[in-house]
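K.L.:
In full-length UniProt numbering, the protein residues as written are 1 to 198.
1) Using beta-carbon positions only, say whether residue 31 and residue 101 come within less than 9 Å of one another.
2) Please classify residue 84 as buried or exposed, where buried requires at least 16 neighbouring CB atoms within 10 angstroms.
3) What are the start and end residues of each continuous alpha helix (DSSP H) run of 4 or more residues lying completely inside the region 117-160, in chain order?
4) Kindly identify the DSSP beta-bridge partner or partners of residue 82.
5) Between the alpha carbons of residue 189 and residue 183, how many angstroms are there, rounded?
6) Please say whether residue 78 and residue 58 have beta carbons closer to each other than 9 Å?
7) Taking 6 Å as the limit between beta carbons, can you name the residues of its chain near residue 170, skipping five residues before and five after?
8) Could you check whether the region 118-131 touches the region 6-21, counting it as contact only if at least three pairs of C-beta atoms, one from each stretch, sit closer than 8 Å?
9) Tell me, to the nearest whole angstrom, how far the beta carbon of residue 82 is from that of residue 145; I am working on the premise that it is less than 8 Å.
Structure below.
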């Protein structure tokens with residue numbers, strides 16, 4: 001069972017861009033947005049973008065590959081507290097999109113459950129890869145940090161880290177800002193279409 005979950009996680013990781021694209025259009029199709037909901041969603045978007053921008057600055061370009069690749073175990077910045085800050089950022093971005101699109105409650109809950117399963121499998125595959133590559137070093141890191149929530153708030157549990165923030169890497173995150181802008185534009189467009197039909 002564990003091997004199947006890891007294999008599924010690797011597949012989902014490889015196709016995460018395509019899956020996200022298809023999920024967006026599925027949400028768009030079933031949505032009933034009103035443009036004013038953007039103001040409700042916007043704070044969650046900002047939280048998600050800040051988390052991602054903070055985390056991406058500590059990663060190298062290989063983190064965006066379709067296959068799991070990494071040369072160093074990143075444990076600085078947000079990674080001192082949680083192991084998956086980018087996925088936590090993605091949760092807030094997804095939450096903001098669902099709020100902006102004004103989905104029915106049951107569909108909203110189903111999407112969040114699927115989000116948890118989806119990233120749970122990806123995290124499982126990543127952890128298997130990191131354990132095999134870094135062995136005891138990763139196991140220690142695993143035991144002293146939380147997956148998406150800190151084990152201890154306002155306190156680093158991993159010790160002193162020398163890894164530095166790379167602003168050039170973080171600038172790549174502006175493509176996510178562009179994607180969110182297009183999503184909000186899609187919300188406004190559909191709300192306009194629905195208003196004109198009523």
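Note that the Cβ used here is the ideal one computed from N, Cα and C, for glycine as well.
In this text the structure is predicted, and so the values were computed from the model without any measurement.
P.N.:
Looking at the atomic coordinates:
1) Their beta carbons are under 9 Å apart, which means residue 31 touches residue 101 by this criterion.
2) So residue 84 counts as buried.
3) Within the region 117-160, the complete alpha helix (DSSP H) runs of at least 4 residues are 136-144.
4) According to DSSP, residue 82 bridges with 146.
5) The alpha-carbon atoms of residue 189 and residue 183 are separated by roughly 10 Å.
6) In this structure, residue 78 lies closer than 9 Å to residue 58 by Cβ.
7) Excluding positions up to five away in sequence, the list reads 53, 56 and 57.
8) Because the criterion of three Cβ pairs below 8 Å is met, the region 118-131 and the region 6-21 touch.
9) Yes, they are in contact, since the Cβ atoms of residue 82 and residue 145 sit about 6 Å apart, within 8 Å.
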